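For the record, the sequence lines run as chains C and U. At position 160 of the first sequence the residue is numbered 160 (the numbering used here), and the sequence of numbers has no breaks. At position 123 of the second sequence the residue is numbered 397 (the numbering used here), and the sequence of numbers has no breaks.
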Amino acid sequence: MSIQAEKTSSSSGREPAGVLNQDAVIRLERIHKTYHMGDIEVHALRGVSLEINRGEFVAIMGPSGSGKSTMMNIIGCLDHPTKGQYFLENSDVSQVDKAGLADIRNQSIGFVFQSFNLVPRTSALENVELPLVYAGVPAAERTRRAGAALAEVGLAGRERNMPNQLSGGQQQRVALARALVNNPSLILADEPTGALDTRTSVEVMEIFQRLNRDRSLTIILVTHEPDIAQYADRIIQFRDGRIRRDSPVENRKDATQVLTQLPAETEDDEEEVL
Amino acid sequence: MKMNLTAILKVAVRALNRNKLRTALTMLGIIIGVGAVIALVSIGQGAQAMIQDQINGMGTNMMFIMPGNVFFGGASLGAGAASTLTEEDVNAMVKEVPTIAAASPIVRASGQLVFGNQNWFVQIQGANEKFPLIRNWRVDQGEFFTDVDVRSADRVIVLGKTVADKLFSGIDPIGQMIRVRNLPFRVIGVLTAKGQSMVGQDQDDTAVVPYTTAQRKLLGQQIPSINQAMISAISPEASAVTQKQVSELLRQRHKIQPGQTDDFMVRNMTDVAQTSAQVTTLLTILLGSIAAISLIVGGIGIMNIMLVSVTERTREIGIRMAVGARPNYIRLQFLAESLVLSLVGGFIGVVIGGSLAALIARVLGWPTLVSALSVLISFAFATAIGIFFGYYPAHKAAALDPIEALRYE
Chain C
1 MSIQAEKTSS SSGREPAGVL NQDAVIRLER IHKTYHMGDI EVHALRGVSL
51 EINRGEFVAI MGPSGSGKST MMNIIGCLDH PTKGQYFLEN SDVSQVDKAG
101 LADIRNQSIG FVFQSFNLVP RTSALENVEL PLVYAGVPAA ERTRRAGAAL
151 AEVGLAGRER NMPNQLSGGQ QQRVALARAL VNNPSLILAD EPTGALDTRT
201 SVEVMEIFQR LNRDRSLTII LVTHEPDIAQ YADRIIQFRD GRIRRDSPVE
251 NRKDATQVLT QLPAETEDDE EEVL
Chain U
275 MKMNLTAILK VAVRALNRNK LRTALTMLGI IIGVGAVIAL VSIGQGAQAM
325 IQDQINGMGT NMMFIMPGNV FFGGASLGAG AASTLTEEDV NAMVKEVPTI
375 AAASPIVRAS GQLVFGNQNW FVQIQGANEK FPLIRNWRVD QGEFFTDVDV
425 RSADRVIVLG KTVADKLFSG IDPIGQMIRV RNLPFRVIGV LTAKGQSMVG
475 QDQDDTAVVP YTTAQRKLLG QQIPSINQAM ISAISPEASA VTQKQVSELL
525 RQRHKIQPGQ TDDFMVRNMT DVAQTSAQVT TLLTILLGSI AAISLIVGGI
575 GIMNIMLVSV TERTREIGIR MAVGARPNYI RLQFLAESLV LSLVGGFIGV
625 VIGGSLAALI ARVLGWPTLV SALSVLISFA FATAIGIFFG YYPAHKAAAL
675 DPIEALRYE
């Protein structure tokens, strides 16, 4: 295997080279992704190597076109790399077929999207149950676990609400509960605060931080807001399909603390905050 | 990963429930299709059953022998122009052809039947005592005449149901004296009702007398002749061989040289039965196919709506895939939807088609028959259509790329 060679060329400088890191949830080795748009070849990723350990809270940043979305899709098992290997929990998933990838997403990955992506006209509880349906969990247990996940994100009592009866922050918390319900190895959040106001954003980050701290949940957060990235403990910056910078966060923000400093939630205050 | 069928069905039903008008309109195509198949096939099968009934009632092993074409100086005089068939021919047939169960000469006469101030004009058939056996036609009241009556040419008469009803309203006809061509006859029996014949003739508008009586008393023939003969084979299977042997016997008796045409005709009821069965089967298939076309149109409607539904729910499909729905599961999900559409539509169609068949029977008076088979076939057909026309949209949904689907606006 080319693990050793890979590590040295990697811009990530934190892994003990040559030793198989048992703690690594994600290990990417020289991942390439090339799209063909007509005659033009687009190199979205040009040999990215990366390791993310259990319990890390990583923010991925970079301008649009830097390859961070492609990275997310590959880490999220929504797409195959053109070249290179991807180990998720030490098993190679680079060449797994569509159905296999669906199972991996179901068992090991929880998604949170910018636009919430709840199934419309379907209650909060049923939205959260969705991954369990595809995992073949019996109905009674589904309801119990989905209820618990909703309670964990502070939405107990909102089980019967439809997405359109919930605020943006609440919808994002439902999505978070859905991402949690299957006890995944990692949560992938793609611009989770992009559609939220400041206070709600911080509230969502507070949940992320709490889950990361209390449950040692691995979280990968894609964002272009430096503010939001400061809630993570490691920032990886992408540019032109490569990792440009990979560094720990110096002054990590604590969302609970930030919340106490923010003015109370009223309609008028939102202007100031923005 | 386990496929949770109840979950799939639940989601399918809910998705259909969301857009009730659209679901109802899509279903309408299947409802009309299945309803039309059931109703139209019921007409065809009703006709088939009625004809089969009549042929059975007539006896499928029965055949008529008619005097045939006679050439007189090169000119064809047409069938029945000469009395080439005789009583002796009939007797010889019974004696020489072992597969004949019974035979009777037929002598036709017509006349006015008078009872009190009632009268009725009727075609009278002269036959022997084997008539009920050959025609498979029982006596309802009283009894049929016997060989003694035939031998002594008694003035006894057995009436068809229609005739009995016309002459004797509310009076027991048995034992009553009526006048036929001004001769007194005693009514000894009334035949069971047979209803209309294949060509729409009232078979009960008839009366039967001994053929000897018809020859001597009604027609006053100096030289007795018969119009035709009626025989029945011992079984439907034996009718072909019987027909052949009867033909050979008659050619021999009539001294017809090889190469010359017969001077008689044998009409086998089995042939008639088969022909009508073919005709009505064809009719049923024709009606069914026309209706099936509307079912296919309904199927195309399903496909259309499912394609729209897949496009509308692209994002939802993306979400489901992201949280772990396999492509197969998505396929099943949409197939379940089109299947629910076609099954529920099929069920309603069966109910409506059945009601329509009943309505046709009542209003138009046509015999209709909704058979379990036609219900089963149209239901199966509707299901097949649901799967066939649902497959492409479902496949399209399953083939979606989750990344693209999630981005879809």
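The C-beta atom is built at its ideal place from N, Cα and C for all residues, glycine as well. This one's a predicted model, so the numbers in the text were calculated from it and none came from an experiment.
Item: Proximity to residue 53 of chain C [Cα-Cα], best of C:37, C:40, C:63, C:22; Value: C:22
Item: Residue interval of the beta strand (DSSP E) (run including residue 209 of chain C); Value: Note, residue 209 of chain C: premise wrong, no beta strand (DSSP E); alpha helix (DSSP H) at 198-214.
Item: Stretch-stretch touch, CB-based, cutoff 8 Å, three pairs: the stretch 98-113 of chain C with the stretch 582-591 of chain U; Value: no
Item: Residues of the stretch 577-592 of chain U with Cβ closer than 8 Å to any Cβ of chain C, in chain order; Value: 589, 590, 592
Item: Cβ of residue 603 of chain U within 8 Å of any chain C Cβ; Value: yes
Item: Beta-carbon neighbours of residue 594 of chain U, restricted to chain B and to distances below 8 Å; Value: No chain B appears in this structure, whose protein chains are C and U.
Item: Cβ of residue 695 of chain U within 8 Å of any chain C Cβ; Value: Given that chain U is displayed from residue 275 to residue 683, the structure contains no residue 695 of chain U and the question cannot be resolved.
Item: Euclidean distance between Cα positions of residue 358 of chain U and residue 502 of chain U; Value: 9 Å
Item: Residue 650 of chain U, enclosing alpha helix (DSSP H) - first and last residue; Value: 646-672
Item: Nearest to residue 117 of chain C (by Cα), restricted to the options U:593, U:478, U:645; Value: U:593
Item: Closest by C-alpha distance to residue 105 of chain C, when choosing among U:676, U:417, U:448; Value: U:676
Item: Any alpha helix (DSSP H) of 4 or more consecutive residues that is wholly inside the stretch 533-596 of chain U; Value: 543-586, 588-596
Item: Unbroken alpha helix (DSSP H) run spanning residue 243 of chain U, endpoints; Value: The requested residue 243 of chain U is not part of the displayed model; chain U covers only 275 to 683.
Item: Buried versus exposed call for residue 603 of chain U [16 or more other C-beta atoms within 10 Å across all chains shown]; Value: buried
Item: Helix, strand or coil at residue 739 of chain U according to DSSP, with G and I counted as helix; Value: Chain U is shown from 275 up to 683; residue 739 of chain U falls before or after that span and cannot be answered.
Item: Nearest candidate by alpha-carbon position, reference residue 198 of chain C, set C:215, C:150, C:218, C:228; Value: C:228
Item: Neighbour-count burial assignment, residue 37 of chain C, 16 or more Cβ in a 10 Å radius; Value: exposed
Item: Residue environment, residue 372 of chain U, which counts as buried when at least 16 other CB atoms sit within 10 Å; Value: exposed
Item: Neighbour list for residue 111 of chain C in chain U, Cβ cutoff strictly below 8 Å; Value: 596, 597
Item: Cutoff 6 Å; reference residue 370 of chain U; Cβ partners in own chain excluding five residues on either side; Value: 523
Item: Element boundaries [beta strand (DSSP E), containing residue 100 of chain C]; Value: Segment 98-108 is the alpha helix (DSSP H) holding residue 100 of chain C; no beta strand (DSSP E) there.
Item: Beta-carbon gap between residue 486 of chain U and residue 374 of chain U smaller than 8 Å; Value: no
Item: Min CB distance residue 99 of chain C to chain U below 8 Å; Value: yes
Item: Interface flag, residue 606 of chain U vs chain C, CB-CB below 8 Å; Value: no
Item: Below-8 Å beta-carbon distance, residue 183 of chain C vs any chain U residue; Value: no
Item: Touching by the beta-carbon criterion (3+ pairs, under 8 Å), the stretch 308-327 of chain U and the stretch 604-623 of chain U; Value: yes
Item: Supposed close pair residue 549 of chain U, residue 317 of chain U - CB separation, criterion 8 Å; Value: The pair is not a contact, with the Cβ atoms about 19 Å apart (cut-off 8 Å).
Item: Cβ-based contacts, 7 Å cut-off: residues of the stretch 59-91 of chain C near chain U; Value: 73, 78, 79
Item: Cα-Cα separation, residue 160 of chain C to residue 655 of chain U; Value: 40 Å
Item: Residue 611 of chain U versus U:457, U:451, U:556, U:671, residue with shortest Cα-Cα distance; Value: U:671
Item: CB contact below 8 Å: residue 177 of chain C versus chain U; Value: no
Item: First and last residue of the uninterrupted beta strand (DSSP E) at residue 426 of chain U; Value: No beta strand (DSSP E) holds residue 426 of chain U; DSSP gives it neither H nor E.
Item: Proximal chain C residues relative to residue 292 of chain U, where beta-carbon distance stays under 7 Å; Value: 121
Item: Continuous alpha helix (DSSP H) stretch holding residue 127 of chain C: start and end; Value: 124-134
Item: Where the stretch 661-678 of chain U meets chain C: residues whose CB sits under 7 Å from a CB there; Value: 676, 677
Item: Contacts around residue 519 of chain U, its chain only, beta-carbon distance under 8 Å, and the 5 residues preceding and following it disregarded; Value: 370, 371, 373
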